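Structure, as structure tokens:
There are 2 protein chains.
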Amino acid sequence: MNVQSPSGKILGMDWSKGAGESEISCSINDFSAVPAMDSSSFIVVHGAGSFGHFQASKSGVHKGGLNKPLVKAGFVATRISVTKLNHEIVRALAREGIPSIGVSPFSCGWSTNMRNIASADLSAMTKAIDSGFVPVTHGDAVLDDELGCTILSGDVIIRHLAAHFKPEFVVFMTDVLGVYDRPPLDSTAVLLREIEVHEDGSWSVVKPTLENISKVKTDVAAHDTTGGMETKILEAAMIARLGIDVYIVKAGTNHSLRALRGELRGNVPEDWLGTVIRFSK
Amino acid sequence: MNVQSPSGKILGMDWSKGAGESEISCSINDFSAVPAMDSSSFIVVHGAGSFGHFQASKSGVHKGGLNKPLVKAGFVATRISVTKLNHEIVRALAREGIPSIGVSPFSCGWSTNMRNIASADLSAMTKAIDSGFVPVTHGDAVLDDELGCTILSGDVIIRHLAAHFKPEFVVFMTDVLGVYDRPPLDSTAVLLREIEVHEDGSWSVVKPTLENISKVKTDVAAHDTTGGMETKILEAAMIARLGIDVYIVKAGTNHSLRALRGELRGNVPEDWLGTVIRFSK
């Protein structure tokens, strides 16, 4: 996906000055040797992590009430933090030669009604993809028709994008190998390799075939305003019901790379560690 | 416009960590003492300055041709730079207690056709203003139906916003006192205090009443991809033809403060230095 010179050098697209640098470093001359750019299309969605959750939860932005000065200030503070993270991610991808473009839900005019997406125009994102860019969007503070404002989580955005763009697959990257039957810090936790989602929305673990996995226990960090792993499984299940395979993987591992490359389509190798969530036809 | 506690302390809304700071500093407790926030509405539009012009001009983004890898990379690099500046401006305003919200033209799905605005949905901005926020938008790299891409300048955006929102007045802030009859570095340059725009689009200097001001010479910096002062006057004249007074002032001066406060409406004091551009009825 990234742009390389004929000699294999990655051509970066972040031409802004870094901290402590006096000169703009750019690869303008190298680009003239590139005949054309690959255009496999994908979208990157990220959450807020430590950027934004603090600001949102302290001020109660997710609960609404924009008429309160604290909530309004928290809305501003949350957007500053999440757009800062978005900017850093766009830069990091651009430095690796990926033509990434930041697209903020609030700027796109996305809004919610009782936390469900009420309006989400995807024309900007569609045009960006059609032009060969990789849109990078994120969980954001948005206006809510009923509540005044709320937090639209990255997970809800992914489901909305999946329903519209019908991608071949969706990859959720997290800090553990996949979904476990209980919080993964518990040494007896078992990695669920394959989950099937049924027509009625219920789901069952098909691999491993262990007894006692009737209930999956999850955990939500106290500062997380958008639901943690529980929301992720629920959103993933809703995406799977659209007939789109979902892979939950650990970021930065070979397992996530294989999932992103599409190597798991149709057949999940035994040595791959992660969770596949798919629709049972 | 900004939020102050009952004791007059400005309440900042940038709760992100600064460089070298280990703790998030925020004014959450102070906000509980604020009864309600002022809601006089305005929009801030900024150009790219040294953020973006280099990236755009070196790669030719303003001339289009997205199929060329260099132009595509320049598009990405330009957007990284201009959104970085936007982020810094939003933060600076938030620190002063102004509920500022960054809104990027590209994210809003704005596009051009042969550099003229073809599509510019203002619903996100309208909703932001109606909710009491101050949208902060900027010149941006956008997709162009004919050229593939181009640079949409802040000046063109201001005209578009003025035509839609019909503000009481528009203030252009620059680094000189106003419009001069020749480049202001020329020691014989005369500050034009008042310019009238006529129905047919022509314009004349009504103050000072000097001879030989039949032609105004302007200058465009070599790196400026969007036209410099010439474009600013032309755009200002087009705004004035809508019946909206335009003030061109030096940023950071008492003159700009008076213009921003609306003190010039109807009557321009003798001790005010700047250029008023208005429609001659």
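If you read the sequences in order, they're chains U and A.
Numbering (full-length UniProt numbering) for the first sequence: 1 to 281.
Numbering (full-length UniProt numbering) for the second sequence: 1 to 281.
The beta carbon of each residue, even a glycine, is placed where N, CA and C say it ideally should be.
Keep in mind it's a predicted model, so treat the numbers as computed, not measured.
Among Lys84/A, Val76/A, Ile101/A and Val103/A, the one whose alpha carbon lies nearest that of Glu96/U: Here the question's residue 96/U lines up with position 96 in the first sequence. Considering only alpha carbons, the answer is Val76/A.
Please state the DSSP three-state secondary structure of Ser107/A. Sequence index remark: in the second sequence, residue 107/A carries index 107 (1-based). Looking at Ser107/A - three-state DSSP - the assignment turns out to be coil, as it is neither helix nor strand.
Is there at least one Cβ from chain A nearer than 7 Å to Lys63/U's Cβ? For the purposes of this step, residue 63/U is identified with residue 63 of the first sequence, where counting begins at 1. No, Lys63/U lies away from the interface with chain A (no Cβ there is under 7 Å from its Cβ).
Which of the three DSSP states is assigned to Ala259/U in this structure? Against the first sequence, residue 259/U aligns to sequence position 259. Reduced to three states, the DSSP call for Ala259/U is helix.
Is there a Cβ from chain A that is less than 7 Å from the Cβ of Leu161/U? In the first sequence, the residue the question calls residue 161/U occupies position 161. So no, Leu161/U is outside the interface.
Quick one: which chain U residues come within Cβ less than 9 Å of Lys250/A? Locating residue 250/A in the second sequence gives position 250, where the first residue counts as 1. Chain U residues near Lys250/A: none, gap ~27 Å exceeds 9 Å.
Are Leu177/A and Leu273/A closer than 7 Å when you measure CB to CB? Numbered from 1 along the second sequence, position 177 holds the residue referred to as residue 177/A. Numbered from 1 along the second sequence, position 273 holds the residue referred to as residue 273/A. Yes. Within cutoff.
To the nearest angstrom, report how far apart Asp200/U and Ala163/U are at their CA atoms. Against the first sequence, residue 200/U aligns to sequence position 200. Against the first sequence, residue 163/U aligns to sequence position 163. Cα to Cα, Asp200/U sits roughly 18 Å from Ala163/U.
Express the C-alpha separation of Gly74/U and Ala232/U in angstroms, rounding to a whole number. Looking up residue 232/U in the first sequence gives position 232. Looking up residue 74/U in the first sequence gives position 74. The question names Ala, but residue 232/U in the sequence shown is Lys. Whole-angstrom Cα-Cα distance: 25 Å.
Please name the residue, chosen from Ala236/A, Asp140/A and Lys207/A, that lies closest to Ala56/A on a Cα-to-Cα basis. Locating residue 56/A in the second sequence gives position 56, where the first residue counts as 1. Answer by Cα proximity: Asp140/A.
What does Ala81/A reach in chain U if we use C-beta pairs closer than 8 Å? If you number the second sequence from 1, residue 81/A lands on position 81. The displayed chain sequence assigns Ser, not Ala, to residue 81/A. In chain order: Trp15 and Ser16.
What are the start and end residues of the beta strand (DSSP E) that includes Val134/U? Locating residue 134/U in the first sequence gives position 134, counting from the first residue. Looking at the DSSP string, the run of the beta strand (DSSP E) that includes Val134/U is Val134 to His138.
Which residues does DSSP pair with Lys207/A in a beta bridge? The sequence position of residue 207/A within the second sequence is 207, counting from 1. Answer by DSSP bridge pairing, in chain order: Glu194/A.
Option in Leu66/A, Leu122/A and Arg258/A with minimal Cα separation from Ser107/A: What you label residue 107/A is simply residue 107 of the second sequence in a count that begins at 1. The option with the nearest alpha carbon to Ser107/A is Leu122/A.
Identify which residue in Ser59/U, Ala92/U and Gly65/U has its Cα closest to the Cα of Phe31/A. If you number the second sequence from 1, residue 31/A lands on position 31. Checking every option, the nearest Cα to that of Phe31/A belongs to Ser59/U.
Given that a residue counts as buried once 16 or more other Cβ atoms are within 10 Å of its Cβ, and exposed if not, what is Asn86/U? Along the first sequence, one-based indexing puts residue 86/U at 86. So Asn86/U ends up on the buried side.
Taking only beta carbons into account, state which residues of the stretch 115 to 135 of chain U come closer than 7 Å to chain A, listed in chain order. Asp121, Ser123, Ala124, Lys127, Ser131 and Gly132
Sorted by chain position, which residues of the same chain lie with C-beta nearer than 6 Å to Asp245/U's C-beta, five sequence neighbours on each side aside? In the first sequence, residue 245/U corresponds to position 245, counting from 1. Around Asp245/U: Phe169 and Arg278.
Can you find the residues in the same chain that come closer than 6 Å, C-beta to C-beta, to Glu194/U, ignoring five residues on each side of it along the sequence? Here residue 194/U refers to the residue found at position 194 when the first sequence is read from its first residue. So the qualifying residues of the chain are Val206, Lys207 and Val276.
Measuring CB to CB, does Ser131/U end up less than 7 Å from Leu70/A? What you label residue 131/U is simply residue 131 of the first sequence in a count that begins at 1. What you label residue 70/A is simply residue 70 of the second sequence in a count that begins at 1. Not in contact: Ser131/U and Leu70/A (Cβ atoms no closer than 7 Å).
Looking at C-alpha atoms only, which residue of Thr126/U, His62/U and Ser81/U is the closest neighbour of Phe165/U? Position 165 of the first sequence, counting from 1, holds the residue named residue 165/U. Closest by alpha carbon: Thr126/U.
Are the beta-carbon atoms belonging to Ile80/U and Arg91/A less than 7 Å from one another? Taking the first residue of the first sequence as position 1, residue 80/U is located at position 80. Taking the first residue of the second sequence as position 1, residue 91/A is located at position 91. Yes. Within cutoff.
Counting only beta-carbon separations shorter than 7 Å, does Val156/A have a partner in chain U? Translated into positions along the second sequence, residue 156/A becomes position 156. Output row for Val156/A: interface = no.
From the beta carbon of Ala141/U, is the nearest beta carbon of chain A less than 7 Å away? As a position in the first sequence, residue 141/U is number 141, starting the count at 1. It does not: the Cβ of Ala141/U has no partner Cβ on chain A nearer than 7 Å.
At a CB-CB cut-off below 8 Å, which residues of chain B make contact with Ile89/U? This model lacks chain B altogether; the protein chains it does include are U and A.
Return no unless some Cβ of chain A is closer than 7 Å to the Cβ of Ala94/U. If you number the first sequence from 1, residue 94/U lands on position 94. Yes - at least one Cβ of chain A is within 7 Å of the one on Ala94/U.
Please list, in chain order, the residues of the stretch 94 to 113 of chain U that have any C-beta partner in chain A closer than 9 Å. Ala94, Gly97, Ile98, Pro99, Ser100, Ile101, Gly102, Val103, Ser104, Pro105, Phe106, Ser107, Cys108, Gly109, Trp110 and Ser111
Which residues bound the alpha helix (DSSP H) around Gly16/A? Residue numbering aside, residue 16/A sits at position 16 when the second sequence is read from its first letter. According to the sequence as given, residue 16/A is Ser; it is not Gly. Careful: Ser16/A lies outside any alpha helix (DSSP H) and carries neither H nor E.
Reference Ser104/A; option with closest CA among Asp145/U, Thr83/U and Leu264/U: Taking the first residue of the second sequence as 1, we reach residue 104/A at position 104. For Ser104/A, the nearest C-alpha among the options comes from Thr83/U.
I'd like to know whether the C-beta atoms of Val61/U and Cys149/U end up nearer to each other than 7 Å. Sequence index remark: in the first sequence, residue 61/U carries index 61 (1-based). Sequence index remark: in the first sequence, residue 149/U carries index 149 (1-based). Yes. Within cutoff.
Measuring alpha carbon to alpha carbon, tell me which of Pro184/A, Thr78/A and Val249/A ends up nearest Ser100/U. What you label residue 100/U is simply residue 100 of the first sequence in a count that begins at 1. Of Pro184/A, Thr78/A and Val249/A, the residue nearest in Cα terms is Thr78/A.
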